[in-house]
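K.L.:
My structure is below; once you've seen it, I'll send some questions.
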Amino acid sequence: MTNIDFEGILGYTFKNSEFLNHALIHSSYINENKLNPSAHNERLEFLGDAVLELVSSAYIFAGFPDLTEGEMSKLRAGVVCESTLAARAKEHNFGHFLKMGKGEIANGGRERESILADTFEAVIGAIYLDGGYEAAKGFILRCLEDDINSMKGLTWISDCKTHLQEQLQKDSQEPIEYYVIKEEGPEHSKTFTVELAHGGRVMAQGVGKNKKEAEQDAARHAIEKFGLK
């Protein structure tokens, strides 16, 4: 499959294909092939993150006039979180098009949430540079509009740990414990895997770029798995 196939998936045709090529290069590919250290997609990810936050904020502000500032912030946090972006990237088969190092591929990198979410943001950055704000907005809303609308009212989504604790403490005073069970990647781009246990029973695992993010992801998985919304 080619970049043309990927453009069909994105619903956007690039005028300058180099932007898309850049968005689909993971740092492991650069490191393994000893290429220009700045040729991977992390700078585009930085830009895409900012564009995503602006588009989602504007959409929420205009579309939900009854929400308070705090409620809008929580809704946006749920939309731009790693798990949501990774789910959309996986749905659109982003991992298949990524250039990655052989070691990263062998370790399941094409399915890793952190890598998929970062790539999603890098693609947003590439579309923004190629087609401007309206093009990026169109792509973001095509992918995430349903998520935004479905998350309205789920105020727990931005602080899953607190929500999980409140739900479990209705019936139990046993502590919730989080254990880091795996650290992967270079120092500047680590991925943490956390296991969540309650009352001696493992409830869920989570993944993130730091321990806090991984703990929140584990709590979210536990909430969804056990119907604690």
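Position 131 (the sequence shown) corresponds to 130 in numbering that gives the first Met the number 0; numbering is contiguous. Glycine included, every Cβ here is placed at the ideal spot set by N, Cα and C.
Indicate whether the contact test is met: 3 or more Cβ pairs, each with one atom in the stretch 82 to 89 and one in the stretch 109 to 116, closer than 8 Å.
P.N.:
Cβ pair count under 8 Å is three or more, so yes.
K.L.:
Straight-line CA distance for A88 to E144?
P.N.:
Going by the C-alpha atoms only, they are around 14 Å apart.
K.L.:
Per DSSP, what kind of secondary structure is G199 in: helix, strand or coil?
P.N.:
Note: G199 maps to coil in three-state DSSP.
K.L.:
Please classify Q215 as buried or exposed, where buried requires at least 16 neighbouring CB atoms within 10 angstroms.
P.N.:
Buried.
K.L.:
How would you label T67, buried or exposed, when you count the other beta carbons within 10 angstroms and need 16 or more for buried?
P.N.:
Exposed, because fewer than 16 other Cβ atoms sit within 10 Å of the Cβ of T67.
K.L.:
What residue ranges within the stretch 4 to 88 form continuous alpha helix (DSSP H) runs of no fewer than 4 residues, ordered along the chain?
P.N.:
DSSP runs (the alpha helix (DSSP H)) wholly in the stretch 4 to 88: 16 to 22, 26 to 32, 41 to 62 and 68 to 78.
K.L.:
Where does E173 sit, in a helix, a strand or coil, going by DSSP?
P.N.:
DSSP places E173 in coil when its eight states are reduced to three.
K.L.:
Would you call H25 buried or exposed, if buried means 16 or more other Cβ atoms sit within 10 Å of its Cβ?
P.N.:
The residue is buried, with at least 16 neighbouring Cβ atoms inside 10 Å.
K.L.:
In the DSSP assignment, find the alpha helix (DSSP H) that holds N148 and state where it starts and stops.
P.N.:
Per DSSP, N148 belongs to the alpha helix (DSSP H) from Y132 to M150.
K.L.:
Would you give the residue range spanned by the alpha helix (DSSP H) that G108 belongs to?
P.N.:
Note, G108: premise wrong, no alpha helix (DSSP H); not H, not E.
K.L.:
Cα separation between E6 and L128?
P.N.:
So the alpha carbons of these two residues sit roughly 15 Å apart.
K.L.:
Taking its Cβ as the centre, do 16 or more other Cβ atoms sit within 10 Å of G54, making it buried, or is it exposed?
P.N.:
Going by the sequence as given, residue 54 is Val instead of Gly. With 16 or more Cβ atoms within 10 Å of its Cβ, V54 is classed as buried.
K.L.:
Name, in chain order, the residues that DSSP records as bridge partners for Y127.
P.N.:
According to DSSP, which records beta bridges pairwise, Y127 is partnered with nothing at all.
K.L.:
How should H187 be labelled, buried or exposed, when 16 other C-beta atoms within 10 angstroms of its C-beta is the threshold for buried?
P.N.:
Exposed is the call here.
K.L.:
K101 and E52: beta carbons closer than 8 Å?
P.N.:
Their beta carbons are not under 8 Å apart, which means K101 does not touch E52 by this criterion.
K.L.:
Between K228, A221 and N2, which lies nearest to F96 when the distance is taken from Cα to Cα?
P.N.:
With distances taken between Cα atoms, F96 lies closest to N2.
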